[in-house]
Each structure stands twice: as C-alpha cells, then as structure tokens.
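Visitor: For the sequence shown, the positions run 3 to 231 when the numbering used here is used. Even for Gly, the Cβ is constructed at its ideal location relative to N, Cα and C.
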Amino acid sequence: MPLHSLQRLSPTAVLGLWHLTETPAELWAELPRPETYEGLLPVTADAKRQAQWLAGRVLTHAVLVELGISPTAQVVVQNDTTGRPWLTNIARDVTISMSHSGAWVAAVLARGGRAGVDVEMIRDKAQRIAGKFLSPVELSDAQAASAEHFEAASTLYTLLWSAKETLYKLAAQPGIIFKTQLLLDSFAPQESGEITATLVLGGEKTRHCICYCRPSAGYVLTYSHESAA
Numbered sequence: 003m004p005l006h007s008l009q010r011l012s013p014t015a016v017l018g019l020w021h022l023t024e025t026p027a028e029l030w031a032e033l034p035r036p037e038t039y040e041g042l043l044p045v046t047a048d049a050k051r052q053a054q055w056l057a058g059r060v061l062t063h064a065v066l067v068e069l070g071i072s073p074t075a076q077v078v079v080q081n082d083t084t085g086r087p088w089l090t091n092i093a094r095d096v097t098i099s100m101s102h103s104g105a106w107v108a109a110v111l112a113r114g115g116r117a118g119v120d121v122e123m124i125r126d127k128a129q130r131i132a133g134k135f136l137s138p139v140e141l142s143d144a145q146a147a148s149a150e151h152f153e154a155a156s157t158l159y160t161l162l163w164s165a166k167e168t169l170y171k172l173a174a175q176p177g178i179i180f181k182t183q184l185l186l187d188s189f190a191p192q193e194s195g196e197i198t199a200t201l202v203l204g205g206e207k208t209r210h211c212i213c214y215c216r217p218s219a220g221y222v223l224t225y226s227h228e229s230a231a
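Right, dumping it as structure tokens:
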C-alpha cells in the first residue's frame, strides 16, 4: 500500500500523500466498507480516474485514523454538486480538502478551522493561460523570473496556479475570480517554501500562508491550514 506520508500540520490537522501505483481492483480491497462507495464512484470515470478517486478515499480514511477518529466509524466521503468533498457521520467541525493529479493524491483533514490542498503535474498549460488567472503584477513577476530561468517556467506557472487553487479551496466560496480575488505576494521559488497571499472577499482583505513543495520530479504540491479562531 503506497501511503507516502502522513504529516502533522498542527495538533488538529494532518496532510496525507498517496503515491498511486494500484489498479482500481486493488484499491477497492483497501477501502473500508467498500459497499458504501459502490454507488458513489463516477460512472464515466476511466480506469485511471477510478484509481485516483478510490485512492483519495483510502487515503482519507488513513488520515482520519491519524487524527484519532476510530477506523470503525461510519464516515463516508461524499461530494457536493460542485465536486467539493465533505464527510458524513462525523462532527461538523471536521473539514476536508482533496486533490489528485497523475500519480499523486493528497488530502488534508482538520478538526476545526479550514484547509486547502492541491497537487499538480507540471505542464505548459498554466503558462499558456497565465493571463486568465494571474494579476498584472503577478504576471509581470512571473515573466521576469521565467526570462532568467527559462527551463523552470512551466514549474513556476504550475506552482502559481496550484497556490491559487489551494487558496480557493481554503476560502470555500463559489464564484471567486482567481485574477482579482486571489493575490499572491512576490517570492523567490525554491524546492519548498511558503507563499503569502491576500484573499479579497466581500470588500474585505485577509492574509494567508500557503506552503509548497515538490513531492517528486514533475509535480508541485501546495497546502494551507488555518486553525479555528
């Protein structure tokens, strides 16, 4: 079972990473109470997406145990109409954020507060659409950095997209415009680090911190957890 890691972000939050190598059949065998998920698996998913979906559920149950929630609890991972995950049969203050891309699956669960996580395979797509999700200042910074380190441009733009995805999930509000409401401060990209950011909602601005790293070559991971006030 390639559970890659379980990392404590705080006494009340855990980040789990799964390196996907299994077939859907192998993941069904790992899933607690698989009968509860039989009607939830998207019928249009191909084998790869089925495996990602199932690994996310197996990983979530492992993170729940790490948080001290009994493995016999009747918790089920559901998705709302927007695709956002939520948990049934558990205290309302337990929050979840999930992501998958290629061979990696990630989940953050927290007792209280809020969380966001995103994992992305590095591709050219984020650079091609950068003008749609980066503010003018962010785009100028990214272009300047890319001019100096052209070979790392795809990684940088993918990281910027991923950081905004994590902040979007943390905000948990529909209709957010990435370009104007999710604003990243300038930073010098490293293999791992932190990005500070501003979330603009309802005329108010709040400050947040997003952690990032490279789980393996060809991928970036971003995550954030904020404890309840």
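Going by alpha carbons, who is nearest to G114 out of C215, A15, V77 and Y214?
Guide: Residue mapping note: residue 114 aligns to position 112 of the sequence shown, counting from 1. Measuring from the Cα of G114, the nearest candidate turns out to be A15.
Visitor: CB C213 to CB S229, shorter than 8 Å?
Guide: Position 211 of the sequence shown, counted from the first residue, corresponds to residue 213. Position 227 of the sequence shown, counted from the first residue, corresponds to residue 229. For C213 and S229, no; Cβs fall outside 8 Å.
Visitor: Any idea what DSSP makes of D143, helix, strand or coil?
Guide: One-based indexing of the sequence shown puts residue 143 at position 141. D143 falls in the helix class under three-state DSSP.
Visitor: T2 and I124: beta carbons closer than 8 Å?
Guide: Here the chain has residues from 3 to 231 only, and residue 2 is not among them.
Visitor: If you draw a straight line from the alpha carbon of E19 to that of L223, how long is it in whole angstroms?
Guide: On the sequence shown, residue 19 is found 17 positions in, with the first residue counted as 1. On the sequence shown, residue 223 is found 221 positions in, with the first residue counted as 1. According to the sequence as given, residue 19 is Leu; it is not Glu. Approximately 10 Å, taken between the alpha carbons.
Visitor: Go through the stretch 36 to 100 residue by residue and report every complete run of the alpha helix (DSSP H) that reaches 4 residues or more, in order.
Guide: Fully enclosed alpha helix (DSSP H) runs of 4 or longer: 49 to 68.
Visitor: Looking at P217 and W55, is the spacing between their C-beta atoms short of 8 Å?
Guide: Sequence index remark: in the sequence shown, residue 55 carries index 53 (1-based). Sequence index remark: in the sequence shown, residue 217 carries index 215 (1-based). It is not a contact, given that the beta carbons lie outside the stated cut-off.
Visitor: Are the CB atoms of N91 and V78 nearer to each other than 8 Å?
Guide: Sequence index remark: in the sequence shown, residue 91 carries index 89 (1-based). Sequence index remark: in the sequence shown, residue 78 carries index 76 (1-based). Closer than 8 Å, so yes.
Visitor: Using only the alpha-carbon positions, how far apart do I178 and L66 sit?
Guide: Counted from its first residue, the sequence shown places residue 178 at position 176. Counted from its first residue, the sequence shown places residue 66 at position 64. Those two C-alpha atoms are separated by around 29 Å.
Visitor: Say the cut is 7 Å; is the CB of G70 nearer than that to a heavy atom of the ligand FAD?
Guide: Ligands are entirely absent from the displayed structure, and the ligand FAD is therefore not among its contents.
Visitor: Could you give the DSSP three-state label for G133: helix, strand or coil?
Guide: For the purposes of this step, residue 133 is taken as the residue at position 131 of the sequence shown. Residue state, collapsed to three classes: helix.
Visitor: List the endpoints of the continuous beta strand (DSSP E) containing E122.
Guide: By one-based count along the sequence shown, residue 122 stands at place 120. Note, E122: beta strand (DSSP E), R116 to M123.
Visitor: Tell me, to the nearest whole angstrom, how far the beta carbon of L172 is from that of A112; I am working on the premise that it is less than 8 Å.
Guide: Position 170 of the sequence shown, counted from the start, is the residue given in the question as residue 172. Position 110 of the sequence shown, counted from the start, is the residue given in the question as residue 112. At roughly 11 Å, the Cβ-Cβ gap does not stay under 8 Å, so L172 and A112 are not in contact.
Visitor: So if DSSP puts R113 in a beta bridge, which residue, or which two residues, is it bridged to?
Guide: Along the sequence shown, one-based indexing puts residue 113 at 111. Beta-bridge pairing links R113 to V96.
Visitor: Hey, quick one: how far does the beta strand (DSSP E) through T160 stretch, first residue to last?
Guide: Mapped onto the sequence shown, residue 160 falls at position 158. No beta strand (DSSP E) holds T160; the alpha helix (DSSP H) holding it covers A155 to A173.
Visitor: Is the CB-CB distance between K166 and L184 below 8 Å?
Guide: Numbered from 1 along the sequence shown, position 164 holds the residue referred to as residue 166. Numbered from 1 along the sequence shown, position 182 holds the residue referred to as residue 184. Cβ distance < 8 Å, so K166 and L184 count as in contact.
Visitor: Distance, Cα to Cα, I98 vs L61?
Guide: Within the sequence shown, the letter at position 96 stands for residue 98. Within the sequence shown, the letter at position 59 stands for residue 61. Going by the C-alpha atoms only, they are around 12 Å apart.
Visitor: Report the rounded CA-to-CA distance for E153 versus Q9, giving the unit in angstroms.
Guide: For the purposes of this step, residue 153 is taken as the residue at position 151 of the sequence shown. For the purposes of this step, residue 9 is taken as the residue at position 7 of the sequence shown. Rounded to whole angstroms, E153 to Q9 spans 31 Å at the Cα level.
Visitor: What is the DSSP secondary structure of T208, counted as helix, strand or coil?
Guide: Translated into the one-based positions of the sequence shown, residue 208 becomes position 206. Looking at T208 - three-state DSSP - the assignment turns out to be strand.
Visitor: If you draw a straight line from the alpha carbon of E1 to that of G205, how long is it in whole angstroms?
Guide: In the structure as shown, the chain starts at 3 and stops at 231, and residue 1 therefore has no counterpart that could be examined.
Visitor: Output the boundary residues of the beta strand (DSSP E) element that contains A15.
Guide: Position 13 of the sequence shown, counted from the first residue, corresponds to residue 15. Counting along the chain, the beta strand (DSSP E) containing A15 begins and ends at A15 to H21.
Visitor: Rounded to a whole number of angstroms, what is the C-alpha to C-alpha distance between T168 and F180?
Guide: Here residue 168 refers to the residue found at position 166 of the sequence shown. Here residue 180 refers to the residue found at position 178 of the sequence shown. Their backbone Cα atoms lie some 11 Å apart in a straight line.
Visitor: So for E193, helix, strand or coil by DSSP?
Guide: Looking up residue 193 in the sequence shown gives position 191. Three-state DSSP puts E193 in coil, outside helix and strand.
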